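Chemist: Heads up, the sequence shown is in numbering that gives the first Met the number 0, so the first residue is 0 and it goes up one at a time. No residue lacks a Cβ here, since even glycine has one placed at the ideal position from N, Cα and C. Remember, it's a predicted structure, so these values are computed and weren't measured experimentally.
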Amino acid sequence: MFCVPSTEIGAIMNITKGGLVLFSANSNPSCMELSRRIAERLGVEMGKVQVYQEPNRETRVQIQESVRGKDVFIIQTVSKDVNTTIMELLIMVYACKTSCAKSIIGVVPYFPYSKQCKMRKRGSIVSKLLASMMCKAGLTHLITMDLHQKEIQGFFNIPVDNLRASPFLLQYIQEEIPDYRNAVIVAKSPASAKRAQSFAERLRLGIAVIHGEAQDAESDMVDGRHSPPTAKYVAAIHPSLEIPMLIPKEKPPITVVGDVGGRIAIIVDDIIDDVDSFLAAAETLKERGAYKIFVMATHGLLSSDAPRLIEESAIDEVVVTNTIPHEIQKLQCPKIKTVDISMILSEAIRRIHNGESMSYLFRNIGVDD
């Protein structure tokens, strides 16, 4: 498990400051807290830049110091206006490129549109498009954290360091949940079972998987897939054969595979946004006898009415990192707790700037982690 003792932070963060510039691409002040924490750990001042919206809603970026021949690190945390966030980053990257920066490294803890990384019906793979836009703008390296799918790294033609928040979440479990030895790690769907298994094996705990869910409304959408071939083509191509089709999936009612009775249930996932599935999972776990329920995720988007729904639910605590600012949500829901991951981002920046190996930050991380 990666963990840097606080007494060593000062020694670790020794960097060659002359060739490093640290920018925050956010025009929203509430999104700059992570940037300030990283700068403080590195012992550098934030670069001088103006990022603002014109009256016509166009984004304007003004770099106010020289970046020629320097390593530029641009920190961008995602705000509620995700599309503006993306444009701020792209315009700043391009501004640094045209100002002859030596290298331009994006520090994007939560990669937006990461859920749209697979083709669904007549949609598109938007995360591939965004990766192409970042590379085209001039990005030479990307630091991110817990991509929704690790394969997103392959969408880039530049190096991508996909850091992990799990060491910090594991440390939180060990230090803040006194009776965690009586816990079971829960995957709220079979798709997140590998993440749950990783947590369970490192904590030497059992695992439970919730299977089954309400019918996906999207599966009933009319999109033309059921339109049969015309009669004349059927006669010409396959007069006596019928094209075989997959049998439709039918998921059973929600069930729990594994024993949670009389235990603490810790649900782990990478993103918590729409909380309906987490609330349903919590209710099911309560019915099966779990006496305390935690939800742990790297990225706390917590959109819409998520804080209110969590506060009124059977969930006892939601633990997320500060990859995304959520101070307003915390005021609305005291159950939401934050784990600071600025330490590992600072160390990644230091190592890249000094030309050191990044492998230390990926110790004990397996293929399935």
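Is the separation between the beta-carbon of Gln196 and that of Ile209 shorter than 8 Å?
Modeler: Locating residue 196 in the sequence shown gives position 197, where the first residue counts as 1. Locating residue 209 in the sequence shown gives position 210, where the first residue counts as 1. No, Cβ-Cβ distance for Gln196 and Ile209 is not below 8 Å.
Chemist: DSSP puts Val77 in a beta bridge; with which residues?
Modeler: By one-based count along the sequence shown, residue 77 stands at place 78. Answer by DSSP bridge pairing: none, since Val77 is not bridged.
Chemist: Which residues does DSSP pair with Leu19 in a beta bridge?
Modeler: Position 20 of the sequence shown, counted from the start, is the residue given in the question as residue 19. Per DSSP, Asp70.
Chemist: Excluding five sequence neighbours on each side, which residues of the same chain lie with their C-beta closer than 6 Å to the C-beta of Gly68?
Modeler: Locating residue 68 in the sequence shown gives position 69, where the first residue counts as 1. The beta carbon of Gly68 lies closer than 6 Å to those of Lys101 in the same chain, with the five residues before and after it left out.
Chemist: Roughly how many angstroms lie between the CA atoms of Glu311 and Gln331, to the nearest whole one?
Modeler: Here the question's residue 311 lines up with position 312 in the sequence shown. Here the question's residue 331 lines up with position 332 in the sequence shown. Each residue's alpha carbon lies about 11 Å from the other.
Chemist: Just to confirm before moving on: does the CB-CB distance between Ala264 and Val185 stay below 8 Å?
Modeler: Here residue 264 is taken as the residue at index 265 of the sequence shown, counted from 1. Here residue 185 is taken as the residue at index 186 of the sequence shown, counted from 1. In contact: Ala264 and Val185 (Cβ atoms closer than 8 Å).
Chemist: Please report the residue range of the beta strand (DSSP E) in which Arg36 lies.
Modeler: The residue you call residue 36 lines up with position 37 of the sequence shown. Per DSSP, Arg36 belongs to no beta strand (DSSP E); it is in the alpha helix (DSSP H), Glu32 to Leu41.
Chemist: Which value, in whole angstroms, describes the spacing of the CA atoms of Leu19 and Ser65?
Modeler: The residue given as residue 19 occupies position 20 in the sequence shown. The residue given as residue 65 occupies position 66 in the sequence shown. Taking the straight line joining both Cα atoms gives about 11 Å.
Chemist: Only counting the same chain, and skipping five residues up and downstream in sequence, which positions put a Cβ closer than 6 Å to that of Leu301?
Modeler: By one-based count along the sequence shown, residue 301 stands at place 302. By the criterion of a C-beta distance shorter than 6 Å, Leu301 is surrounded in its chain by His325 and Gln328, once the five residues flanking it on both sides are discounted.
Chemist: I'd like to check one pair, Thr143 with Phe110: are the Cβ atoms closer than 8 Å?
Modeler: Here the question's residue 110 lines up with position 111 in the sequence shown. Here the question's residue 143 lines up with position 144 in the sequence shown. Closer than 8 Å, so yes.
Chemist: Quick one: any contact between the segment 123-132 and the segment 140-159, if contact means 3 or more CB pairs under 8 Å?
Modeler: yes
Chemist: Kindly give me the distance between the Cβ atoms of Ile90 and Val48, rounded to whole angstroms, as I take these residues to be in contact under 8 Å.
Modeler: Sequence index remark: in the sequence shown, residue 90 carries index 91 (1-based). Sequence index remark: in the sequence shown, residue 48 carries index 49 (1-based). Their Cβ separation, rounded to whole angstroms, is 11 Å, which puts Ile90 and Val48 out of contact at 8 Å.
Chemist: Could you name the residues that DSSP lists as bridge partners for Glu316?
Modeler: Stepping through the sequence shown from its first residue, residue 316 is reached at position 317. According to DSSP, which records beta bridges pairwise, Glu316 is partnered with Phe293.
Chemist: Whole-angstrom Cβ separation of Ser341 and Leu33, contact assumed at under 8 Å?
Modeler: Translated into the one-based positions of the sequence shown, residue 341 becomes position 342. Translated into the one-based positions of the sequence shown, residue 33 becomes position 34. The pair is a contact, with the Cβ atoms about 6 Å apart (cut-off 8 Å).
Chemist: Which residue comes first and which comes last in the beta strand (DSSP E) that contains Gln61?
Modeler: Position 62 of the sequence shown, counting from 1, holds the residue named residue 61. Start and end: Thr58 to Ile62.
Chemist: For Lys187, does the three-state DSSP call read helix, strand or coil?
Modeler: Start at 1 with the first residue of the sequence shown, and residue 187 comes out as number 188. Correct three-state label for Lys187: coil.
Chemist: Could you name the residues of the same chain whose beta carbon sits closer than 6 Å to that of Val294, not counting the 5 residues immediately before and after it, in chain order?
Modeler: The sequence position of residue 294 within the sequence shown is 295, counting from 1. Same-chain partners within the cutoff: Ile266, Phe277, Ile314 and Val317.
Chemist: Within the chosen definition, does the segment 44-58 reach the segment 78-97 through at least 3 CB pairs nearer than 8 Å?
Modeler: The segment 44-58, when compared against the segment 78-97, does touch it at the 8 Å Cβ threshold.
Chemist: Of the residues Asp339, Asp272 and Leu284, which one's Cα is nearest the Cα of Pro306?
Modeler: As a position in the sequence shown, residue 306 is number 307, starting the count at 1. Closest option to Pro306, Cα to Cα, is Asp272.
Chemist: Taking Cβ positions, are Cys95 and Ile62 nearer each other than 8 Å?
Modeler: Translated into positions along the sequence shown, residue 95 becomes position 96. Translated into positions along the sequence shown, residue 62 becomes position 63. Cβ atoms of Cys95 and Ile62: closer than 8 Å.
Chemist: Less than 8 Å between the beta carbons of Val77 and Ile103, yes or no?
Modeler: Walking along the sequence shown from the start, residue 77 turns up at place 78. Walking along the sequence shown from the start, residue 103 turns up at place 104. No. Outside cutoff.
Chemist: Pull up the DSSP beta-bridge partners for Asp339, would you.
Modeler: Residue 339 sits at position 340 when you count from the first residue of the sequence shown. In DSSP, Asp339 forms no bridge with anything.
Chemist: Note down the Cα distance separating Gly299 from Asn55, rounded to an integer number of angstroms.
Modeler: Here the question's residue 299 lines up with position 300 in the sequence shown. Here the question's residue 55 lines up with position 56 in the sequence shown. Taking the straight line joining both Cα atoms gives about 31 Å.
Chemist: Return the Cβ separation of Arg163 and Asp269 in integer angstroms, given the expectation that the two are a contact with Cβ distance under 8 Å.
Modeler: The sequence position of residue 163 within the sequence shown is 164, counting from 1. The sequence position of residue 269 within the sequence shown is 270, counting from 1. At roughly 10 Å, the Cβ-Cβ gap does not stay under 8 Å, so Arg163 and Asp269 are not in contact.
Chemist: Please state the DSSP three-state secondary structure of Ala279.
Modeler: Stepping through the sequence shown from its first residue, residue 279 is reached at position 280. Helix, per DSSP.
Chemist: Contact check, Arg262 vs Asn181 under 8 Å by CB: the rounded distance?
Modeler: Working through the sequence shown from its first residue, we reach residue 262 at position 263. Working through the sequence shown from its first residue, we reach residue 181 at position 182. Confirmed, about 6 Å.
Chemist: How many Å lie between Thr254 and Gly211 at the Cα?
Modeler: As a position in the sequence shown, residue 254 is number 255, starting the count at 1. As a position in the sequence shown, residue 211 is number 212, starting the count at 1. Roughly 6 Å separates the two Cα atoms.
Chemist: The beta strand (DSSP E) spanning Ser102 covers which residue range?
Modeler: Working through the sequence shown from its first residue, we reach residue 102 at position 103. Ser102 to Val107 is the extent of the beta strand (DSSP E) around Ser102.
Chemist: Are the Cβ atoms of Asp339 and Arg35 separated by less than 8 Å?
Modeler: As a position in the sequence shown, residue 339 is number 340, starting the count at 1. As a position in the sequence shown, residue 35 is number 36, starting the count at 1. Going by C-beta atoms, Asp339 is not nearer than 8 Å to Arg35.
Chemist: Using the three-state DSSP reduction, which class does Ser65 fall into: helix, strand or coil?
Modeler: Counted from its first residue, the sequence shown places residue 65 at position 66. In the structure shown, Ser65 sits in coil (DSSP, three-state: anything other than H, G, I, E or B).
Chemist: Spatial neighbours of Tyr171 within its chain, please: CB distance less than 7 Å, with the 5 preceding and 5 following residues excluded, ordered by chain position.
Modeler: To locate residue 171, count along the sequence shown from 1; it is residue 172. The residues are Val318 and Val338.
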